Structures are given as C-alpha cells and as structure tokens.
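Numbered according to the working numbering, the sequence shown spans residues 1 to 117.
The next block holds one structure in the form of structure tokens; read it before the comments.
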Amino acid sequence: MRLINPNARDFDELCRKFLWRIPEKFNIATAVCDRHVGGQEGIALFAETINGECHKYTFSQLKELSNQFSNVLKSMGIVAGDRIAIVLPQRVETGICHLAAWKIGAISLPLSILFGA
C-alpha cells in the first residue's frame, strides 16, 4: 500500500487525498525508543559536547531518563493533550524532553530563542 498516490495531478490533490494510517493507541516515544530496549541493545545516540567530549546513550538509558522526566511533568500537572514548549539547543536533554512529553501524550513544541519574545 502506498501512502502517496503517484498519479496525483498536482500537490493540492496529493494533500487532499493523503491519509495518515496511525493506530488508535500509538505512542511515538514507544516506537522510537522504548521498543528497542532489551536483548542485544545497541547505541541509540552519540553526543559530542562543545568541548569535544563524546558520550554514548543506549535505548535503556534514554528510556529511563525520559521516564524520570515524564514523572516530573506529570507532577507539575501536565496531562495528555497539553502543549509543552521546549527551548533548548540540540543536545541529549532536548531529545529526552520530547520523549518525556510524548510518553504522557503531551505535544512538544520545539522553539528557538531566535524567535524572540
């Protein structure tokens, strides 16, 4: 089954006829992180600091860290459907924030200080 109709006459038709097929009980944090935990687990993320220090994170580590932060968000009253703005540079903590938000069904909004007040 194709997601995109190759016979569409133009972009507008393509957009009108496009349909996401997402299961009713789908969680993207589970799909991109948690389901990869266990067995012969590999590296999920390589990170290098501005000082050149390199770090490796496994799926288990990312799951544990994002679970911890999702508990913090829940303790602050964040629930499914809430929107959370994340204003962080590209680093491990940013990904953990997104995963944590998704785990509780919140919507993460990546923002930049370049947008201004």
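Virtual Cβ for every residue (Gly too), placed ideally from N, Cα, C.
None of these values were measured; they are calculated from a predicted model.
Opening and closing residue of the beta strand (DSSP E) in which Ile-86 lies: 83-86
Alpha-carbon to alpha-carbon, Ala-101 and Ile-84: 7 Å
Burial state of Lys-17 (16 or more Cβ within 10 Å): exposed
Is it buried or exposed for Lys-63, if we count other Cβ within 10 angstroms and need 16 for buried? buried
To the nearest whole angstrom, what separates the beta carbons of Ser-60 and Val-92, a pair I think is in contact under 8 Å? Contact flag wrong, Cβ pair sits at about 14 Å.
When burial is assigned at 16 or more other CB atoms within 10 Å of the CB, is Cys-97 buried or exposed? buried
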